[in-house]
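**Student:** My structure is below; once you've seen it, I'll send some questions.
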């Protein structure tokens, strides 16, 4: 009567808080998800959650199945990993690089969980490939690269992790803080604070300013997100960052966040060598990365 997919669906519904977002997470249409849940409730003879509540409110039966899912699914994944080890698939390494200055917020918890799952896999984030990680991936010096800027390369596949919105952060007292959104011409007289990377790797340029043939008055570089926020909060510039990177500062009312135009969304990818696709530990890392990102990041969506 019960299947693993049912347990995964209920967990997705609880974590997402709505049918629409849960359907996105498990790659179903909303109607297919609704049909699956209705079919399960008919089999069990009892409702599992209360319709039209947000976040979703579960019945006692639904809460019991959530408790079961929390016990069974981790055990199931552990069994899969153990069987992979028995089959001799446990040897490997995971050397990765990151083309995303703000990604450590979710990548470090992902790596910690992965190390617990696969203690025998050598995990390293070397610093020597910081300027050309994709080329290092092609030379097999790396196994995986986290990037928002895929470049077609032989032997490399780009697997989407999640989507995020790029937003502009301004000081609370800034004139733009009163606007509902910003347009490219609003940045003509602004100091734009960016990470020290090429402009063609930043969505604020490629998707917002350059199509409108607009340039900010001045560019200023900062290495760390916290430094950017200090500069923005003190009125010394504005910056465009992923919504998850701004979430903490917006919650603390440190800065204001504004959408760029009608909203600019980008996708973060894991670039993986094709010879590693399908290995149990790589599959587990990618699944762990997706799950962890939705647990620790605000405002991200399934890709």
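In my numbering, the protein residues as written are 1211 to 1513. Idealized CB from N, CA, C, for every residue including glycine. Just so we're clear, the structure is a prediction, and the values are computed from it rather than from any experiment.
What is the rounded straight-line gap between the Cα of residue 1282 and the Cα of residue 1377?
**Tutor:** Using only the alpha carbons, I get a separation of about 39 angstroms.
**Student:** Identify the residues that DSSP records as bridge partners of residue 1256: which are they?
**Tutor:** None; residue 1256 has no bridge partner.
**Student:** Assuming residue 1243 and residue 1258 form a contact by the criterion Cβ under 8 angstroms, report the distance between their Cβ atoms to the nearest whole angstrom.
**Tutor:** 13 angstroms between Cβ atoms; not a contact.
**Student:** Does the pairing of the region 1378 to 1386 with the region 1457 to 1470 give three or more beta-carbon distances under 8 angstroms?
**Tutor:** Flag = yes, the region 1378 to 1386 and the region 1457 to 1470 touch.
**Student:** Throw me the rounded Cβ distance for the residue 1317 and residue 1356 pair, which I believe falls under 8 angstroms.
**Tutor:** Right, the Cβ-Cβ distance comes to about 7 angstroms (below 8 angstroms), so this counts as a contact.
**Student:** Any idea which residues DSSP pairs residue 1268 with across the strands?
**Tutor:** According to DSSP, residue 1268 bridges with 1259.
**Student:** In the DSSP assignment, find the unbroken beta strand (DSSP E) run with residue 1482 in it and report its ends.
**Tutor:** Note, residue 1482: beta strand (DSSP E), 1466 to 1483.
**Student:** Classify residue 1420 as helix, strand or coil using the three-state DSSP reduction.
**Tutor:** If DSSP states are grouped into helix, strand and coil, residue 1420 belongs with the helices.
**Student:** Quick check for students: name the residue ranges of the beta strand (DSSP E) that lie wholly in the region 1326 to 1356, counting only runs of 3 or more.
**Tutor:** The region 1326 to 1356 contains these whole beta strand (DSSP E) runs: 1332 to 1334.
**Student:** Does DSSP classify residue 1236 as helix, strand or coil?
**Tutor:** Coil, per DSSP.
**Student:** Out of curiosity, what's the CA-to-CA distance linking residue 1336 and residue 1426?
**Tutor:** Answer to the nearest angstrom: the Cα atoms are 34 angstroms apart.
**Student:** Rounded to whole angstroms, what's the CA-CA distance from residue 1324 to residue 1501? Just pull it up for me.
**Tutor:** Rounded to the nearest angstrom, the two C-alpha atoms are 12 angstroms apart.
**Student:** Count the other CB atoms, across all protein chains shown, that sit within 10 Å of the CB of residue 1503; report buried if there are 16 or more and exposed otherwise.
**Tutor:** Residue 1503 comes out buried.
**Student:** Output needed for residue 1434: all residues of its chain with C-beta closer than 8 angstroms, excluding positions within five of it in sequence on either side, in chain order.
**Tutor:** Excluding residues within five positions, the ones whose Cβ falls inside 8 angstroms are 1311.
**Student:** Where do the ends of the beta strand (DSSP E) carrying residue 1431 lie?
**Tutor:** Start and end: 1428 to 1431.
**Student:** When burial is assigned at 16 or more other CB atoms within 10 Å of the CB, is residue 1445 buried or exposed?
**Tutor:** Flag for residue 1445 reads exposed.
**Student:** CA-CA distance, residue 1359 and residue 1411?
**Tutor:** Residue 1359 and residue 1411: Cα-Cα distance of roughly 6 angstroms.
**Student:** Using the C-alpha atoms, what's the distance from residue 1400 back to residue 1424?
**Tutor:** The alpha-carbon atoms of residue 1424 and residue 1400 are separated by roughly 11 angstroms.
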